[in-house]
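Q:
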Amino acid sequence: MGFNLAILISGRGSNMLNIVRACKNGELSSNVATVISNNPDSDGLQKAKRSMIDVKIIDHKKFKNSSDFEKSLSNYLEKKRVNLICLAGFMKILSEDFVKKWDKKIINIHPSLLPAFKGLNPHKKAIEMKVKYSGCTVHFVDKDVDSGNIIDQDIVKVSKYDDEGSLQKKILMKEHKLYINVLKKMEIE
Ligand code: GRF
Numbered sequence: 141m142g143f144n145l146a147i148l149i150s151g152r153g154s155n156m157l158n159i160v161r162a163c164k165n166g167e168l169s170s171n172v173a174t175v176i177s178n179n180p181d182s183d184g185l186q187k188a189k190r191s192m193i194d195v196k197i198i199d200h201k202k203f204k205n206s207s208d209f210e211k212s213l214s215n216y217l218e219k220k221r222v223n224l225i226c227l228a229g230f231m232k233i234l235s236e237d238f239v240k241k242w243d244k245k246i247i248n249i250h251p252s253l254l255p256a257f258k259g260l261n262p263h264k265k266a267i268e269m270k271v272k273y274s275g276c277t278v279h280f281v282d283k284d285v286d287s288g289n290i291i292d293q294d295i296v297k298v299s300k301y302d303d304e305g306s307l308q309k310k311i312l313m314k315e316h317k318l319y320i321n322v323l324k325k326m327e328i329e
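Everything in the sequence shown is counted per my numbering, starting at 141 for the first residue and increasing by one.
(1) Roughly how many angstroms lie between the CA atoms of alanine 266 and phenylalanine 257, to the nearest whole one?
(2) Check whether the stretch 167-177 and the stretch 211-228 are in contact - that is, three or more C-beta pairs closer than 8 Å.
(3) I'd like to know whether the C-beta atoms of valine 81 and glycine 259 end up nearer to each other than 8 Å.
(4) Which word fits tyrosine 301, buried or exposed, when buried means at least 16 other C-beta atoms lie within 10 angstroms of its C-beta?
(5) Mind checking whether the beta-carbon of alanine 228 lies closer than 7 Å to any heavy atom of the ligand GRF?
(6) Does the distance between the C-beta of proline 180 and the nearest non-hydrogen atom of the ligand GRF fall short of 7 Å?
(7) Just checking glycine 184 against the ligand GRF - is the residue's beta carbon closer than 7 Å to any of the ligand's heavy atoms?
(8) For a quick check, are the C-beta atoms of glutamine 308 and histidine 250 less than 8 Å apart?
(9) Counting Cβ pairs, one atom from each stretch, are 3 or more of them under 8 Å apart for the stretch 196-207 and the stretch 151-163?
(10) Opposite lysine 297 in the DSSP bridges: which residues?
(11) Could you compute how far the alpha carbon of glutamine 186 sits from the alpha carbon of glutamate 268?
(12) Which residue marks the beginning of the beta strand (DSSP E) containing valine 175, and which one marks its end?
(13) Give the DSSP-derived three-state secondary structure of lysine 189 in the structure shown.
(14) Do you know how far the Cα of lysine 270 is from the Cα of methionine 192?
(15) To which residues of the same chain is lysine 283 closer than 6 Å at the C-beta, ignoring the five residues directly before and after it?
(16) Does alanine 256 come out as helix, strand or coil in the three-state DSSP assignment?
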């Protein structure tokens with residue numbers, strides 16, 4: 141069964157666009173009900189608009205506190221009848237209350253083999269640690285950062301010539317495939 145998806149972004153939006161395309165071309169049977177950005181300047185917003193997707197800016201800076209921001213976010217998700225939330229470069233940490241309310245309905249992609257290199261700058265950390273393999277992870281979102289149950293992962297080999305930028309590119313290619321494969325599996329579960 142396909143989902144009614146919301147994709148939450150803050151920046152570039154390449155994973156978002158990739159999911160939008162897979163829904164449009166029938167590779168996924170889900171529908172992207174909305175793309176929401178907490179950052180009014182994110183590049184991904186224009187990409188989503190060009191794809192004729194419903195786009196909503198919910199700028200956390202315009203709210204008194206996180207709880208009001210999340211109320212507005214939840215209201216919009218309910219209005220759009222969303223039943224799965226895909227975080228794709230969404231840089232705002234969601235509270236325990238929000239995560240409980242949407243229990244098992246929020247997934248995220250992170251560019252490392254979790255539980256290694258949680259949080260910011262995972263590529264930099266991987267290069268600094270001289271790991272031989274890194275990769276990406278799709279996981280359920282819980283109250284802690286990059287820590288919910290892992291749904292699937294993919295690996296890349298890190299060569300001695302890689303730097304942060306080249307590793308980021310290698311992993312991003314894998315991310316695009318992994319996110320779609322995870323959604324495909326979840327659709328039939
Ligand atoms: C990706 O590397 C994703 O794993 C991380 O943020 C980045 C977002 O990239 N959470 P994009 O906006 O999807 O291009």
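From the three backbone atoms N, C-alpha and C, an ideal C-beta is built for every residue, glycine too.
A: Quick look at the numbers:
(1) Distance from the CA atom of alanine 266 to the CA atom of phenylalanine 257, rounded to whole angstroms, is 7 Å.
(2) yes
(3) No answer is possible for residue 81: it lies beyond the span of the chain, which begins at 141 and ends at 329.
(4) exposed
(5) yes
(6) no
(7) Yes, the ligand GRF has a heavy atom inside 7 Å of this Cβ.
(8) no
(9) no
(10) Bridge partners of lysine 297: Tyr273.
(11) Taking the straight line joining both Cα atoms gives about 34 Å.
(12) 171-177
(13) helix
(14) 42 Å
(15) Glu236 and Val239
(16) coil
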